[in-house]
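Chains as they are written, first to last, in my numbering: chain A, 2 to 282; chain B, 2 to 554.
Glycine included, every Cβ here is placed at the ideal spot set by N, Cα and C.
See the structure below:
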C-alpha cells in the first residue's frame, strides 16, 4: 500500500512538473496595422464631469481617435447621469436637453460607456460598452464592414455674426434599402474646467469633443434619404448661430460632426460619419 | 443530450428489473416567482421587469435515481424574465441545467456529466452552485476517484466549466490526493494532508480575444501569453486534543488577469486598469481550540494575484475556477449583513479571531474581530461583533450585542467619491414561547453611520424591526420594516433635492407541510450587497411580491 501511495504522490508531482516545465510556445502580440478603409466610425462616449472613472474613458477615446486617424469620430456626451457640475468647482454646465435625450435613449450600466456606431453587439449585454479595453475591438469590427456611403461637406462661417452654413452631401457606394437619417452636431475641444478624477477633483481638466449642440431638429437626426442608390447625390443644408462667448463657444475649438444612420424598428446603426473644424486650423 | 439521458434512464430501469434490486429516487424542487412593482423613488425601476415584463420566475427541479451502484441525476432549470443572472437585465431560458451518471466499481468511482467538487478549501479549484447569485461552476466532464485504502483516496478530473446551458471553451483538468493519518499510542493526534494540481488551457477563441485587447495596448503594456496556467496546493488539518490547525499554501503560475489599479499607457495619456500577466499565491491558516465551553478560532490569509478564471476576460462572478474563503463573520441579521466584504483575489491581508464562551448553562457570550487590508495597509474591512445569549428555562431567549464596522465601499462596490463607511449596530433578538406550538420572536436593530462634511455615509442611519409569530408546525407570519431614519448621501431625494426618510416594509407568510415549504412575501428592499461565502454582488433595490416553493423528496 505504501508503495502505491508513493507512486500516486510521485505521479502527481511528476505530472505537474512535466506539464509546468513544458516549453510552451509563447504567443506574441502582432503590431497594430491601420485599416485600409474610408469608413468612419462614430463613438459616442457617455461621460460626465461628476464621473470619477470618466477620464479613463476620455483618454481611451482620444487614443482611438489618434490610432485610427481619420477613421474614428469621438463625441463626449454629457447628458444626464453624473453630469451635474461639480459643486464649488465647475464654471460650466455641459448638459442640454438633446444631449440628455441621446444619453437616456441608450442602455448602459455605468460610465464611461461607449456607444459605437449605435450598434448593440451580440456578445455585449448592453449597447453601451463599459469595458474600456474592449472599445478598440468593436471599432475594428465596424471598420471591417463594407462602406455604404461617402460623405462630403462644405461650410461657410461668418465670424462677425458667428453663423455657419453647412452642406453635407452623400454619395452612396452601394444600393441599400431603408430609411436614413442625418445628424449634425457641434463639439468643442480644449474647455478647461473641473472634472472628478478618481478620488480627486481636477480644476484644470481639458475637456475634449464635448457635445455642445445638435443642429438637426431631432436629437436622432432628420430624414436624409430613402433607399440609397449608387450614382445619386443627396444633399442637406444646416444653419446655426453660435451662442455668445462665455469662456466656452470658442470658434477655433469647434468641430462639426455629421453622420448618417439607418433607421429600423429597434436600431439606428450609424453607417458613415464625417468631421471638420469650424475654422480652418 | 436529453435523448442520451432518456436512454440511460431506460437502461437503468432494465438493470433494476433484471437485478431485482430496489432503486431509489430522490430530488428537490425550488421555485421563485416575482411580481415587479415599479417604485422609482427607491430605485426599483429602469429594468425590463419593471418597465415591460412585470413578472419573472426561476425554478430548479433536481432528480437523482440510484440502483445497483449506478446513480443518474438530472436538473431542469428555468429562468423566465429573471433578474438573477444580471440584476439589470432580463434573462429567459430553460433546459437541462445538470446531468450526470456515476458508477462505483469496487474502489473506483466514475462520474460523467456535470460535476461539483473541490480541492482542499477550494483555493485552486472549486466547482459549486450558489443560486442567490446564479453561480454554477460545475465541470462538464469526467472524474475518476480511487480509494487506495480506508485512509487515502485519489481523484482526477477534466472537462469544461458550465456557462448557463452551454460551456466555456477553455478546458480544466486536475488531480488530488487526500489522506487521513492517526499518530500516537492512543491515536490522539491526527493528520489530514492533501495535495492538488489544476491546469487550465485557454481556447483559440479566448486567446484571440486577449490578443485583440493587447493589440490595442502600447508596446510598454503588451506581454506575450501562453495557453496554459497551472495551480498547485498543499494542505493539512492537524488535530491534537482540543486544537485543530488547518493550513494551506497555493501557487498559480503566470496567468492573465485584469488589474483595475495598474496604470496603462495610451497614445493620449495614461489611465487606470489593464490586463497583466503574473503568478499568484495564497497562504491560509486557521487554528482553533475548543474545551470546557470555550471556543477560540484564529485565522489568517494572504492573497496575491490569485484571480483564476476559465477565461481571463470574464468579470465579476463569471467563470471562477477557484474559491478563496472569506475572512469575516457570516452574520444573519438584516442590518448586520448590510455591508459585507467580498474576497479580494488580487491583494488581501486578512485576519479573524472568534471567541465563544459558555459562562453558564443558560448564558453564553461571543466576540468576533476581523481585519482586512491591502498590502499597503489600506483598510478594506474591519468588524467587531459581540453576542450574548441568555435562555430562561424553555420560556424565552434573548440574544443581544453590538457590531462595529469599517467598510471600504470604493473597493467593494466600485463606487467612487465615497468614504470608508463607518457603522455601529446594536441589536436585540427576543424569542418568547407561549406553549409548545405558539411562539413570537421580535428583532430590533439600529444602524448608526458616520458622517463626512455633515452628510451621513451611504444611505445613513437605519432602524429595523421585525416581529415573527409562529404556529408550529405549519405557519409563521412575519412583519418587518427597515426605516431610513437618518438618510445619507445615497438616500433618495424629493424634487427639491431634500433627503427622504423612507420605509422599506416587508410582509411574509410561510407555510410548511411535511418537506414542502411555501412563502408569499410583499417586499420593498433597499439596494445592497448579497454574499455567498465571500462571493458578493451589488443588488439593486427590489419592490414587489414574491412567491417561493421548496420541496425535498
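- Put simply, the CB of residue 272 of chain B is near chain A, with a gap under 9 Å to one of its CB atoms.
- When Cβ-Cβ separations below 9 Å define contact, residue 229 of chain B makes contact with chain A.
- In this structure the region 89-107 of chain B lies against the region 61-72 of chain B, because at least three pairs of beta carbons, one per stretch, are closer than 8 Å.
- With a threshold of 16 other beta carbon atoms within 10 Å, residue 217 of chain A meets it and is buried.
- Within 9 Å of the CB of residue 399 of chain B, no CB atom of chain A is found; the nearest one sits about 44 Å away.
- Of all residues in the region 229-260 of chain A, none comes within less than 7 Å of chain B when Cβ atoms are compared.
- Think of a sphere of 8 Å around the beta carbon of residue 57 of chain A: the chain B residues whose beta carbon falls inside it are 272, 273, 274, in chain order.
- Membership of residue 525 of chain B in the beta strand (DSSP E) is indicated by the continuous run 517-526.
- Only buried fits residue 413 of chain B, as 16 or more other CB atoms lie within 10 angstroms of its CB.
- If you ignore the 5 residues before and after residue 199 of chain A, its C-beta comes within less than 6 Å of the C-beta of 53, all in its own chain and listed in chain order.
- Under the three-state reduction of DSSP output, residue 266 of chain A falls in the coil class, being neither helix nor strand.
- When the five nearest sequence neighbours on each side are left out, the beta carbons in the same chain lying within less than 6 Å of the beta carbon of residue 230 of chain B are those of 201, 254, 256, in order along the chain.
- In the structure shown, residue 208 of chain B falls within a helical segment according to DSSP collapsed to helix, strand and coil.
- By the criterion of at least three beta-carbon pairs nearer than 8 Å, the region 286-296 of chain B is in contact with the region 340-360 of chain B.
- Between residue 245 of chain B and residue 234 of chain B, the C-beta gap is not smaller than 9 Å, which leaves the two residues out of contact.
- Between residue 204 of chain B and residue 159 of chain B, the C-beta spacing is not below 9 Å.
- Rounded to whole angstroms, residue 190 of chain A and residue 237 of chain A show a C-alpha spacing of 25 Å.
- Under the three-state reduction of DSSP, residue 136 of chain A is assigned to helix.
- Burial state of residue 545 of chain B is buried, judged by a 10 Å Cβ sphere holding 16 or more other Cβ atoms.
- Here residue 151 of chain B carries a coil assignment [DSSP, helix/strand/coil].
- For residue 100 of chain A, the uninterrupted alpha helix (DSSP H) segment begins and ends at 98-106.
- Near chain A, meaning a CB-to-CB distance below 7 Å, the residues of the region 208-219 of chain B are 208, 212, 213, 214, 215, 216, 217.
- For residue 488 of chain B, the enclosing beta strand (DSSP E) starts and ends at 476-488.
- Within the region 123-172 of chain A, the runs of alpha helix (DSSP H) at least 4 residues long that lie entirely inside it are, in chain order, 136-145.
- Among the CB atoms of chain B, none fall inside 9 Å of the CB of residue 72 of chain A.
- Taking 8 Å as the upper bound for CB-CB distance, residue 302 of chain B and residue 285 of chain B are in contact here, some 5 Å apart.
- CA-CA distance, residue 445 of chain B to residue 327 of chain B, rounds to 27 Å.
- The DSSP-derived three-state label of residue 213 of chain A is strand.
- Sequence-ordered contacts of the region 24-43 of chain A with chain B read 25, 27, 28, 29, 30, 31, 33 [C-beta pairs closer than 7 Å].
- Taken through DSSP and simplified to helix, strand or coil, residue 163 of chain B comes out as strand.
- The C-alpha of residue 506 of chain B is placed about 8 Å away from the C-alpha of residue 526 of chain B.
- When CB distances to chain B are screened at a threshold of 9 Å, not a single residue of the region 92-106 of chain A falls below it.
- From the beta-carbon of residue 148 of chain A, no residue of chain B is found nearer than 9 Å; the closest lies around 22 Å away.
- When DSSP states are grouped into helix, strand and coil, residue 427 of chain B belongs to the strand group.
- The C-beta of residue 90 of chain B comes closer than 9 Å to at least one C-beta of chain A.
- By the neighbour-count definition (other C-beta atoms within 10 Å, threshold 16), residue 187 of chain B is an exposed residue.
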